[in-house]
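Enquirer:
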Amino acid sequence: MATVKEQVMQLLDQFAQEEMGNRLSQFAMMSLRGMMGNVLDQHLDGVEKQMAALEKRVKESKEDGKKKDEANA
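As numbered in the working numbering, residues 12 to 84 make up the sequence shown, in order.
#1: What does a CB cutoff of less than 6 angstroms around Val15 pick up in its chain, not counting 5 residues either side in sequence?
#2: Could you give the C-beta distance for Val50 and Gln18, rounded to a whole number, given that I count them as a contact under 8 angstroms?
#3: Can the beta-carbon of Leu65 be found less than 7 angstroms from the beta-carbon of Met47?
#4: For Ala27, does the three-state DSSP call read helix, strand or coil?
#5: Could you tell me the distance, in whole angstroms, from the CA atom of Asp75 to the CA atom of Asn83?
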């Protein structure tokens, strides 16, 4: 999977090719902003899911540790 930076750079390259020789219109700039925002949102959603999974594993690990401590006591 491409990094966020690579994805954003690909969008910028695509945009530059489409707009080469033309003045950048307000619509084109809004379009670019939207595409970049979507890439970042997708990346952040993935990061949030990973963090939630890690937090769940840490919580489960702590609970398992407490149960083992209680069983050994």
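We put the beta carbon where it would ideally sit given N, CA and C, even for glycine. Fair warning: this is a prediction, and the values are worked out from it, not measured in the lab.
Expert: Answer, in terms of the structure:
#1: Translated into the one-based positions of the sequence shown, residue 15 becomes position 4. In the same chain as Val15, and ignoring 5 residues on each side of it, the C-beta atoms closer than 6 angstroms to its own belong to His54, in chain order.
#2: Here residue 50 refers to the residue found at position 39 of the sequence shown. Here residue 18 refers to the residue found at position 7 of the sequence shown. That pair is a contact at about 5 angstroms.
#3: In the sequence shown, counting from the first residue as 1, residue 65 sits at position 54. In the sequence shown, counting from the first residue as 1, residue 47 sits at position 36. Result no, Cβ atoms of Leu65 and Met47 do not sit closer than 7 angstroms.
#4: Translated into the one-based positions of the sequence shown, residue 27 becomes position 16. DSSP places Ala27 in helix when its eight states are reduced to three.
#5: The residue labelled residue 75 in the question sits at position 64 within the sequence shown. The residue labelled residue 83 in the question sits at position 72 within the sequence shown. One C-alpha to the other measures close to 12 angstroms.
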